[in-house]
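Take the sequence shown: its position 381, counting from 1, is numbered 381 in the UniProt record's numbering, and each next residue is one higher.
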Amino acid sequence: MVESVLAAHTKSAAADPEEQQLLNDVELKPTSKAAHSRAERGHWPGVLLASVVLALLTRMATHRQSWLAEHVQGGVLLPEAPQLSLFEQQLAGCRTFKAQPIPSVDTSASLRALDAHTPEQRQQAQAFTAAVSACANFRCLRQANKLPRAPGQFRFPHFMVIGFPKCATTSIYCHLIQHPQVQYAKDKESHRLTDKCRPLLEQCPAQEQRDYLVDILNMEEAAAASFTKAAFDGSTHYAQEGGWLAAQMAEALPWVKVVVSMRDPISQALAMFLHNYMHNRTAACWETNGQRVYTCVVADLQAEDRARYGPTIQKWVEAFPGEQLHIVQFESLTSRQTMGEAMKGLKSFLGLDPTQPSDKLPLTNWKHKRGDENSVGRYWNITRGEYTHLVELARRNTVEVLKVMGSAGLVDSKAKVEWMRSWERVWRNNLDNNCEEGEQGSCKIVVS
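Have a look at this one:
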């Protein structure tokens, strides 16, 4: 079986136009004695010709071996792998373990909400769908979203998952796109508003507005479902741009709901550093301090657009009413004991069925859990004194952001205590179990 497959593939490979042209260009012809004599005087063209032919044959052999490895197993020709749709590609990337099957999603389930509509509600649904789907800019969208909606319809876009980065935002995205009432985005993290539309969203170029609303947010598919699926943007650096973006977003898309996830500030800074390190984007603080991460984390904990959450959250609180903001703690999302309730709370806030698609969150991007115990990111070497200083900064940041959240009615006194207690456990675990005694004691810090 393999021989016949190999023969067929060899024939097809030889028929490759590029390879055939190369063969024609270097075709060998008989030579006379005189020609042979001339060849002896100038043998280098022959050497070059032989090299070209050898390279061509090597290329064909490599291509053939690669094809066999991909298409033949145990002497049996494997069927061609099906082409995945964009949605299926996203779902495939969302699996906690790549050996798991790609999740199956009923993409038509949301349309069943239309079945119970009265004739008047059907007219409302049709009018709303027609008006919104005709828009290609923020101004048009604001007017269209003022129209009455039928039960089960969502404004477009319905919500934003704005960050913070390395705070389970990808896991949130992956969970939500499996929900029958959610419309996936064609680009999970386009960052279009910050990359192309700063400093004024209303003055964003017309083509950029159209690309964002129609293409990136997948308006066509949302409209095909009569906007019974909630469209959203999952750009995780929007939170950090709150200094200018919060007020601009509230003006351009005043109805949108905003979701924020926050992690122990030290763990967030370390995870972000690891992400940049893995992408060859190390900061100067790393190179100039003997490749020790302490100085880098101190800078992040003091920066208002990074792991010092309070000043940034203040901007979002000022721009949006409390009923349009939902702030969740990373540690609640990733703990098996609290994950289900945390996700139900999030989905209820968004007006989605809280029981769908499950009570489990796919845990993606866990770089600190990969490799052996000495892999980069499994732990971070600093001294006990350095970590104690980081904890002091993180504790200050926590008190600061909880005060902002409390003033906006986003947390009560009990929730503040639970939030602080969760992060204190992370810090105490490192000090008690991962650090030696004394200011200069060695620590192997593990992130939450």
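Where is the CB? At the ideal position from N, CA and C, for every residue including glycine. Treat the numbers as computed from the prediction; the structure is a model and nothing was measured.
*Looking only at C-alpha atoms, which of L301, M339, K257 and L402 sits nearest to L350?*
In the sequence shown, the residue the question calls residue 350 occupies position 350. Nearest C-alpha to L350: K257.
*Proximity to R395 [Cα-Cα], best of I266, C167 and E202*: By 1-based counting over the sequence shown, the position of residue 395 is 395. With respect to the C-alpha of R395, the residue from I266, C167 and E202 having the closest C-alpha is I266.
_Measuring CB atoms only, is the stretch 204-211 touching the stretch 270-283, in the sense that at least three cross pairs come out at less than 8 angstroms?_
No, because fewer than three Cβ pairs between the stretch 204-211 and the stretch 270-283 fall closer than 8 angstroms, the two stretches do not touch.
*Please work out which residues of its chain come closer than 8 angstroms, Cβ to Cβ, to W419, disregarding the five sequence neighbours upstream and downstream, and give them in chain order.*
For the purposes of this step, residue 419 is identified with residue 419 of the sequence shown, where counting begins at 1. So the qualifying residues of the chain are Q329, T398, L402 and V411.
*Thinking just about the alpha-carbon of each residue, which of G93, Q65, R210 and S448 is nearest to the one in S335?*
By one-based count along the sequence shown, residue 335 stands at place 335. That would be S448, whose Cα lies nearest to the Cα of S335.
*Cβ of A252 within 8 angstroms of Cβ of F138?*
Residue mapping note: residue 252 aligns to position 252 of the sequence shown, counting from 1. Residue mapping note: residue 138 aligns to position 138 of the sequence shown, counting from 1. Yes, these two residues count as a Cβ contact at 8 angstroms.
*Run the CB neighbour count on F97, radius 10 Å, all protein chains shown included, and call it buried at 16 or more, exposed below.*
The residue labelled residue 97 in the question sits at position 97 within the sequence shown. Counting the other CB atoms within 10 Å of its CB gives F97 a total below 16, which places it among the exposed residues.
*Taking only runs of the alpha helix (DSSP H) that begin and end inside the stretch 132-202, which ones reach a length of at least 4 residues, in chain order?*
Counting only runs of 4 or more residues that sit fully inside the stretch 132-202, the alpha helix (DSSP H) segments are 138-144, 169-176 and 192-196, in chain order.
*Hey, could you find the ends of the beta strand (DSSP E) I382 is sitting in?*
As a first step, residue 382 must be located in the sequence shown, where it is residue number 382. Its beta strand (DSSP E) spans residues W380 to T383.
_For G340, which residues in the same chain have their Cβ closer than 8 angstroms to its Cβ, ignoring the five residues on either side in sequence?_
One-based indexing of the sequence shown puts residue 340 at position 340. Short of 8 angstroms from the beta carbon of G340, and not among the five residues preceding or following it, lie these beta carbons of its own chain, in chain order: D359 and K360.
_Endpoints, beta strand (DSSP E) assigned at S232_ = Your numbering for residue 232 matches position 232 in the sequence shown. It is Phe, not Ser, that sits at residue 232 in the sequence shown. Secondary structure note for F232: its beta strand (DSSP E) is the uninterrupted segment A230 to D233.
*According to the neighbour-count rule (16 or more other Cβ atoms, all chains shown, within 10 Å of its Cβ), is V182 buried or exposed?*
Against the sequence shown, residue 182 aligns to sequence position 182. The residue is buried, with at least 16 neighbouring Cβ atoms inside 10 Å.
*Buried or exposed (CB count within 10 angstroms, at least 16 for buried), G290*: The sequence position of residue 290 within the sequence shown is 290, counting from 1. Per the 10 Å Cβ criterion, exposed.
_Cutting at 7 angstroms between CB atoms, please list the residues of its own chain near N429, excluding the five before and the five after it._
Within the sequence shown, numbered from 1, the residue matching residue 429 stands at position 429. Here N429 has no same chain residue with a Cβ atom under 7 angstroms from its own Cβ, once five neighbours each way along the sequence are excluded.
*Supposed close pair I216, K186 - CB separation, criterion 8 angstroms*: For this step, residue 216 is matched to residue 216 along the sequence shown. For this step, residue 186 is matched to residue 186 along the sequence shown. Contact between I216 and K186 holds: their C-beta atoms lie close to 6 angstroms from each other, under 8 angstroms.
*asked:* If you follow the beta strand (DSSP E) that I445 is in, where does it begin and where does it stop?
replied: Position 445 of the sequence shown, counting from 1, holds the residue named residue 445. Its beta strand (DSSP E) spans residues S442 to I445.
*Go through its chain and collect everything with a Cβ distance to F87's Cβ below 6 angstroms, but skip five positions before and after it.*
Indexing the sequence shown from 1 puts residue 87 at position 87. Closer than 6 angstroms at Cβ, skipping near neighbours: Y184.
*What does L346 pair with, by DSSP beta-bridge criteria?*
Stepping through the sequence shown from its first residue, residue 346 is reached at position 346. Beta-bridge pairing links L346 to no other residue.
*Kindly indicate the opening and closing residues of the beta strand (DSSP E) around residue 450.*
The question about residue 450 has no answer, for the chain in this structure spans 1 to 448.
*Report the option in V105, A127 and Q124 whose CA atom is closest to the CA atom of I177.*
Position 177 of the sequence shown, counted from the start, is the residue given in the question as residue 177. It is V105.
*Residue interval of the alpha helix (DSSP H) (run including K315)*: Within the sequence shown, the letter at position 315 stands for residue 315. Per DSSP, K315 is one residue of the alpha helix (DSSP H) stretching across Y309 to A319.
*From which residue to which residue does the alpha helix (DSSP H) around K360 run?*
To locate residue 360, count along the sequence shown from 1; it is residue 360. Run containing K360: none; DSSP gives neither H nor E here.
_The beta strand (DSSP E) enclosing residue 537, as first and last residue numbers_ = Nothing can be reported for residue 537: it is not among the residues displayed for the chain, which extend from 1 to 448.
*Is the stretch 224-233 touching the stretch 103-123 in the sense that three or more CB pairs, one from each, lie closer than 8 angstroms?*
These segments touch.
*Helix or strand or just coil, what does DSSP make of C94?*
Counted from its first residue, the sequence shown places residue 94 at position 94. Of the three classes helix, strand and coil, the one that applies to C94 here is coil, per DSSP.
_Own chain partners of K196 with C-beta closer than 6 angstroms, once the 5 adjacent residues on each side are dropped_ = On the sequence shown, residue 196 is found 196 positions in, with the first residue counted as 1. Cβ-Cβ distances below 6 angstroms link K196 to E208 in the same chain, with the five nearest sequence neighbours on each side left out; the list follows chain order.
*Can you check DSSP and say which residues form a bridge with C435?*
For the purposes of this step, residue 435 is taken as residue 435 along the sequence shown, with counting starting at 1. BP columns for C435 point to C443.
*Rounded C-alpha distance that separates residue 470 from D264*: Shown here, the chain extends from 1 to 448; a query on residue 470 therefore has no answer.
*Quick one, are the C-beta atoms of S171 and L352 less than 8 angstroms apart?*
Counted from its first residue, the sequence shown places residue 171 at position 171. Counted from its first residue, the sequence shown places residue 352 at position 352. No.
*Using the Cα positions of S190 and S235, report the straight-line distance between them to the nearest angstrom.*
By one-based count along the sequence shown, residue 190 stands at place 190. By one-based count along the sequence shown, residue 235 stands at place 235. Taking the straight line joining both Cα atoms gives about 6 angstroms.
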